[in-house]
Amino acid sequence: MGVLTHQDALPPPGLSALFRRFSTSVGEAGITCKQYQVRGPAASDRGVRSQEKKTVASASRNRPSRALFCHHRITQTRPPRRLGDMPRRLANPFAPLSAMPLSEKKIERRSSTSSKASRLTNFFSSSPKSKDHMTAQQALLAMQTQQTHHPQQPPQQQHLSASYTGIAPSSLSRPTISLSTAVAGDHVNTVEPKALLQSEDMERRRRVDAQFGPLVHPSHLYVSKSHGEPLKPPVEDEPPYYFLLTTYISYLLLIVLGHIRDFFGKRFGDKKQYRALKAHNGYAPLNDDFDNFYTRRMKRRLDDCFARTTIGVPGRYITIMDRKSDDYNISYEYTGTFTQTLNMSSYNYLGFAQSEGPCADAVEDCVRRYGVSFCSPRADAGTSDLALEVEREIASFVGKSDAMVFSMGYVTNASSFPALVSKGCLIISDELNHASIRIGARLSGAVIQSFKHNDMRDLERVLREAISQGQPRTHRPWKKILVVVEGLYSMEGTMCDLPGILDLKRKYRFYLFVDEAHSVGALGPRGRGVCDYFGVDPSEVDILMGTLTKSFGANGGYIAADKHIIDKLRSTNASTLLGESPAPSVLMQILASLKLITGELCPGQGEERLQRIAFNSRYLRLGLKRLGYIVYGHDDSPIIPVMLYNPGKMPAFSHEMLKRRIAVVVVGYPATPLISSRARFCVSAAHNKDDMDRLLAACDEVSDLLQLKFSTGVAGGLEPLPAHVTAEEEDEWRRTTGTAIKPPRWDLDEVIRRGVNDAKVPLR
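Position in the sequence shown counted from 1, then plus 8, gives you our numbering.
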């Protein structure tokens, strides 16, 4: 309870006359507010003013004190903030339903019973309201108008008039702006609030669109699925020998000149710069000049393209902090400016990198209930009801009986293989598997063999040889044979041939581990990975692994398998015993995004996200091929590698795209082969066709500057055949020469005009 007297509620000097009547009534009756009461001193003169008290008693109950009145008037343009309160999120702007609370959302924190959607509707509503429902600013303007038009009005009548313009208690906690209660001559009431609302609404719309772009047209949707045909390996176009030769020469010059600089630098150069390469006071050199040569002499030239500092939400757009370097990328200085760019670099496949919407609302409520950390490993006190619910949802989503959640995707693989296989076991791994798989396989102690990328014939050859020969030296049978593949390869944009692998599995009886870090959420009509894409029963795959960073807007990873496998992981996995538990906010983000994808929350939104990323992937891939780029990967893959080859073109391509306000990732050795440098576009459901057209226009300009249009057309993107050439003649020409009759060099306008319809049919 707070108590305000006349001395506590002194009005500003310029408003003394306007609040004189308010001070009289406040001193005689109490005003009951939503969170506290304000009471004035009891009246002693009950004779002359008793009749006046009775008249204004009902009005004064709904009228604030002068101090509260002034405070509320200020908060019409600045919402109140209290110590300890967190900012409230707005309701989901992409679906008609409000952000419904999940199972944890059971404790009512505020006294208001209105939902977030209704509060947002009331705040931006332009529907007529009665004059009893007026804001503090409108009440003040109404009093000023009455005093101007009726200067001789008796005090009692003035109090009666003011009683109809009082502030309802509900409006004190959350102001409601009405655009339909203006009185004659009240210009401020009809113009300024409307402009304020338009400005706030436009700013919010701009912020929302920067995180998730609006759908331009309903035709820009596509369902990602296999059409029953065997998965064919994508045709990889080869550049002319001239480009390969210049690439090798570029590396040769860099290496030779770099070693010459090291030779003279250690003897005559700056001692501080070469200190780590020379012996000092009997100590060996900290670094060997050959071992770290690539980092010092080659990667440093590209460092300004990597690890750019960003601010804000990495959604449809991403804001980069501008920086410069005066010492050849050894150190950087921030300029204090920022550049908002189209985000083609983040793994934000389904567009869940958002600060508003149902996921953000659920995370906010979760932090209020659980805090920010469980402060314990899972094996101790870090297993919560929220973690168990997330594991049940993941297991149900991918079609397995049980699942286990980890706090880091890399650790999921690195710590799981030692619990699955050991000495006497064999791991057969795709040659392009991720580094986390390689680390985990080495830690397990099992024998490791590899097969050519996505080559089922080579996989069968390795299997037959391993089964027939057995273990080294003893030739005993292997305890286990585990084949490890990825659902979608992050550098190649290719999908694993899951039907072909399962055919071999039925024949040779091995265990199958599928890493769906990039495929879960991004592939399949229901977003459930390669099993969903190919229509395969998940029970045929023994172990499904995935990360929760790419498609779910969170972090961490999971293992989904039969219950006895998960039970063994829980008891023997080092990450469970020693690693930290996933944060409550991260678990809630995973849970909310899963419910959005499945349609339990905001029905229809998850389906739209899945179809948007499928269309964007095919549309952009087809457009780049038609412009003349060499593009790797399968047609439905949201990872689109564009080949650059020459190492000098990596920073040039990145800088030119940044000039056009587009953020891209360039990748080189050792993540790729030495001569296969590339730029990688990561498509998201947050993008729309306008974004893809903008990217295609920028790529068309940059390709002319850097000479990147060297596709022969064997991988697709061909123009229509000339009138005098038949399809049979073209096939004969391609078998004979290995190239197309006319390489793809489409005009940009034609690419955009025909792209929507052509992207939905098998790409030529």
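Glycine included, C-beta positions come from ideal geometry on N, C-alpha and C.
Counting only runs that start and end inside the region 374-429, the beta strand (DSSP E) elements of at least 3 residues fall at 410-414. GLY323 and PHE271 have their C-alpha atoms some 47 angstroms from each other. For CYS707, the uninterrupted alpha helix (DSSP H) segment begins and ends at 697-714.
Annotation for ASN351: the continuous beta strand (DSSP E) segment containing it runs 341-351.
Contact between the region 295-313 and the region 330-337 is present: 3 or more CB-CB pairs across the two stretches fall below 8 angstroms. Cβ atoms of LEU628 and PHE560 stay farther apart than 8 angstroms, at about 23 angstroms. A straight line joining the alpha-carbon of ALA403 with that of THR680 spans about 34 angstroms. Taking one beta carbon from each stretch, the region 314-332 and the region 342-358 have 3 or more pairs nearer than 8 angstroms; the two touch. Between ALA569 and the set SER583, ARG376 and ILE551, the nearest pair of CA atoms involves ILE551. When the Cα atoms are used, ASP755 and LYS717 turn out to be separated by approximately 12 angstroms. In summary, CYS610 is buried, with 16 or more beta-carbon neighbours lying within 10 Å of its beta-carbon over all protein chains present. Annotation for GLY432: LYS487 place their beta carbon closer than 6 angstroms to its own, counting only its chain and skipping 5 residues before and after.
Look at ARG617 here: in three-state DSSP terms it is helix.
Excluding five sequence positions before and after TYR282, the CB atoms of its chain that fall closer than 6 angstroms to its own CB belong to GLY273 and LYS274, given in chain order. Around the beta carbon of TYR256, fewer than 16 other beta carbons lie within 10 angstroms, which makes this residue exposed. In summary, GLU500 is buried, with 16 or more beta-carbon neighbours lying within 10 Å of its beta-carbon over all protein chains present. Residue burial is scored here from C-beta neighbours: GLU473 has fewer than 16 other C-beta atoms within 10 angstroms and is therefore classed as exposed.
Shown here for ASP466: same chain residues with a beta carbon closer than 7 angstroms to its own, the five before and five after excluded, namely PHE459 and LYS460 in chain order. Within the same chain, TYR230, ASP643, ASP644, ALA767, LYS768 and LEU771 come within 8 angstroms of ARG626 by CB-CB distance, once the 5 residues on both sides are set aside. Look at the region 484-559 and you find these whole runs of alpha helix (DSSP H), each 4 residues long or longer: 506-516 and 538-542. In the assembly as shown, GLY543 is an exposed residue. Its beta-carbon has fewer than 16 other beta-carbons within 10 Å.
Close CB contacts of CYS539 within its chain, under the 6 angstroms cut and outside five residues either way in sequence, are with PRO546 (chain order).
Pairwise C-beta distances place the region 575-583 in contact with the region 419-436, as three or more of them are shorter than 8 angstroms.
Checking the DSSP bridge columns, you'll see TYR291 partnered with HIS288.
By the neighbour-count criterion, in which a residue is buried when 16 or more other Cβ atoms sit within 10 angstroms of its Cβ, CYS374 is buried. Here DSSP, grouped into helix, strand and coil, assigns ALA569 to strand.
If you draw a straight line from the Cα of PRO366 to the Cα of LEU604, it comes to about 9 angstroms. Collapsing the DSSP output to three states places CYS690 in a strand. Contact between ALA687 and LEU652 is confirmed by a C-beta separation of about 6 angstroms, below the 8 angstroms threshold. In its chain, beyond the 5 residues on either side, MET352, SER353, SER662, MET665, ALA687 and PHE689 have a beta carbon closer than 7 angstroms to the beta carbon of VAL672. If you check the CB distance, VAL549 and VAL528 do not come in under 8 angstroms. Under the criterion of beta carbons closer than 8 angstroms, VAL419 and GLY221 do not qualify as touching, at roughly 34 angstroms. Within its own chain, the residues whose Cβ lies closer than 7 angstroms to the Cβ of THR343, once the five positions on either side in sequence are excluded, are ASP330, ARG331 and LYS332, listed in chain order. MET210 sits in a helix when the DSSP states are folded into three classes. Secondary structure at MET464: helix, using DSSP grouped into helix, strand and coil. In terms of CA proximity to ALA315, VAL674 leads the group VAL674, LEU599 and VAL371.
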